[in-house]
Every structure is written in structure tokens, then in C-alpha cells.
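Step one of this worksheet: look at the structure below.
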Amino acid sequence: MIMAAIVSLTLAGQAAPDKDADSAFRQLKRYHASFQDVSFLHIVSKNREEGQVDASARWHRSRGRYTYRSDGASLLDNQSLALGDEPVYREIRSLLKHRLEILDATPGAGPPIRERVPGSGPGGPGSLASPDSPERFFWLWYLATLGDPAEHKATLEGFEDIDGHRCVKIRMLKQPQALLRGWIGPLPFVRMWLDPLRDGYPIRVEWLSGDAVETRVEILSMERVELGEGRRIWLPVEGRTSSYIKIGMDNSLTLSARPTYVEKHKILINSVKIDQHPGDDYFSVKTRALADGDGTAPHAR
Numbered sequence: 001m002i003m004a005a006i007v008s009l010t011l012a013g014q015a016a017p018d019k020d021a022d023s024a025f026r027q028l029k030r031y032h033a034s035f036q037d038v039s040f041l042h043i044v045s046k047n048r049e050e051g052q053v054d055a056s057a058r059w060h061r062s063r064g065r066y067t068y069r070s071d072g073a074s075l076l077d078n079q080s081l082a083l084g085d086e087p088v089y090r091e092i093r094s095l096l097k098h099r100l101e102i103l104d105a106t107p108g109a110g111p112p113i114r115e116r117v118p119g120s121g122p123g124g125p126g127s128l129a130s131p132d133s134p135e136r137f138f139w140l141w142y143l144a145t146l147g148d149p150a151e152h153k154a155t156l157e158g159f160e161d162i163d164g165h166r167c168v169k170i171r172m173l174k175q176p177q178a179l180l181r182g183w184i185g186p187l188p189f190v191r192m193w194l195d196p197l198r199d200g201y202p203i204r205v206e207w208l209s210g211d212a213v214e215t216r217v218e219i220l221s222m223e224r225v226e227l228g229e230g231r232r233i234w235l236p237v238e239g240r241t242s243s244y245i246k247i248g249m250d251n252s253l254t255l256s257a258r259p260t261y262v263e264k265h266k267i268l269i270n271s272v273k274i275d276q277h278p279g280d281d282y283f284s285v286k287t288r289a290l291a292d293g294d295g296t297a298p299h300a301r
């Protein structure tokens, strides 16, 4: 594999950093190109109490279905759950052709689903990557934004073992440099640890403000799934997102030494569907909500 070649070159002391960054970017883009679309059910357990990240913390849950199409169209149908997993709130969000739609599809909350009007506005990659979303650890949406390594000022930082896996470590601007002109404050960087033995998927990602970690995402387990025609690919199944952003009483943002918010993500691997070719109508929040009649149970479909 191409990453194995990178390792060999570096160990021989002959690696060219720019070439290594190019190879890493090609691997990431190849991973994205493996899918025309993918859909799955997911569960998120989250703790909103600052600093409470141990087993005794009070965890809350959500569940839903996520769909991504290779042109960036995305849909997230989520239910927030009370204690005992009783659904209390349902929200459907979609991104289609740079348009973001959001619908409160909670049954019994306000007028019938058919009469509700979605909120809408401009959107783009990452518009669905908010808390409770699998986009926090399933990064096809982000891989689609990668340009040329030089545009991201990408550099190879060496190799590091993560949970027994020898990973390629790369650091780059979150967006191409041209899009960050006029940026105020430390530039946004991303550091990734790519696992060459699992299709180069990033098994750890840090979103940085300059050199300071704002959010760390760790992949805890992966499984191989069928792509068709005898092809298989590694998918993240379980992950953890830790945010270090602290919001003050005056809404100011600072970074904490300890996680202020933690999410645990899980994809239900038996629910994964690949290359189903959903049309644009699929990504309508109203169409999605009305598929149930009364707006119930996205986890059941």
C-alpha cells in the first residue's frame, strides 16, 4: 500500500515531506471516492456536565439515521432521548446543493408535520457536524473538501503508535489558505493520524486553534464492510469526541485543560447501506418526516 511505501522511505531517511503529504492526501481522497453514498443508524451518548467524563457521569442519548452522498448531499434524522430511551425531540437536517434545511419533526409538538415549514439557509460541508451527529467521527464530508496539499500547508509530522496501530501523522490547515485570508486569531489547523492498514482512515483527529486542541476525536473500533464486486473497506464503528472549548458567562470562548463535553458515537454496523443511489427528493426534510405519517421512530427504518 502507498502508506507502507511512505514508512519505508522515512525509515531509510530518504523521505521528502512534500511527497509524503501528497501521498497522504491521495489516500484520503481515495477513501472518499470509494463511496457513491452511504447510510446507517447511529447512537450518541453525551455528557454535557463540564469535567464529568468518568463512568459515573450522567450520560444522555440520541439516535437516528445519517445519509451521505458523494456530491455532499447529506441528511441527519435524529431523536433526542430521555431517561429510559423515551423519545422527546426529533429534528431532521439536510444539506443539498449548498442549501441547509432544518425541521422540528417532534410528534405532537405544534401543528401536524405536513403543515410545518422547515427553516432554511445557505450551507456547506460540516453544516451537519454539530453535537449528536456522526459527522463528528465519520469524515467523508471533510475529505471531500481537501484541495492540494500545498494549499493546506500540509506537513508530515512522523509516525506514532495509536492503540497498537502504526499511524502516519499529518498536520494541515483546516481549509485551503486562500479561504482563510483575513482570518482573525490563530489559524485553524487539523492534525490526523492515518492508519495505513485500515485504508488510511484517520483514527485520531485533532481540530486545532494554532497549536491548541479545541476538539479531539478518537476512533475506538472499526469493521470492514462490503462495497460490492468483492471490494471491502474499513468503517469507523465506535468513537469518542472530546471538546475542550469552554463558554463563559459572557459567551466568550476559552480552552480548558480538561474536556468540557464528551460524546460517544456508535454506528450500528448491520444497518450500513452503501451505494443505494438516493435521489434529491430523499434529502428533503419534509419528505423524510412524512415518510412515517406521524413522524415517529427514525431508528426503525
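If you count by full-length UniProt numbering, then the sequence shown holds residues 1 to 301, one letter each, in order.
The C-beta atom is built at its ideal place from N, Cα and C for all residues, glycine as well.
None of these values were measured; they are calculated from a predicted model.
When the beta-carbon positions are compared, glutamate 101 and serine 120 come within less than 7 Å of each other.
The Cβ atoms of tyrosine 89 and leucine 76 lie no closer than 7 Å to each other. Cβ-Cβ distances below 6 Å link isoleucine 219 to Ile203, Pro236, Gly239 in the same chain, with the five nearest sequence neighbours on each side left out; the list follows chain order. Between valine 38 and tyrosine 68 a beta carbon distance of about 6 Å is seen, short of the 8 Å cut, so the two are scored as contacting. Membership of lysine 286 in the alpha helix (DSSP H) is indicated by the continuous run 285 to 290. Annotation: the stretch 78 to 156 contains the following complete segments of the beta strand (DSSP E) (minimum length 3 residues), in chain order: 87 to 96, 99 to 104, 119 to 122. Going by beta carbons, glutamate 214 and glutamine 177 fall outside the 7 Å limit. From the listed residues Glu229, Trp193, Arg63, the smallest Cα separation to glycine 164 is found for Trp193. In this structure, leucine 103 lies near proline 118, with their beta-carbon atoms less than 7 Å apart. Annotated three-state conformation of leucine 268 is coil, per DSSP. Contact check for serine 284 against proline 259 fails: the beta carbons are separated by 7 Å or more. With respect to the 7 Å criterion, asparagine 78 and glutamate 91 are classified as neighbours on the basis of their beta carbons. The beta carbon of proline 188 lies closer than 8 Å to those of Leu173, Lys174, Gln175, Leu180, Trp207, Leu208, Ser209 in the same chain, with the five residues before and after it left out.
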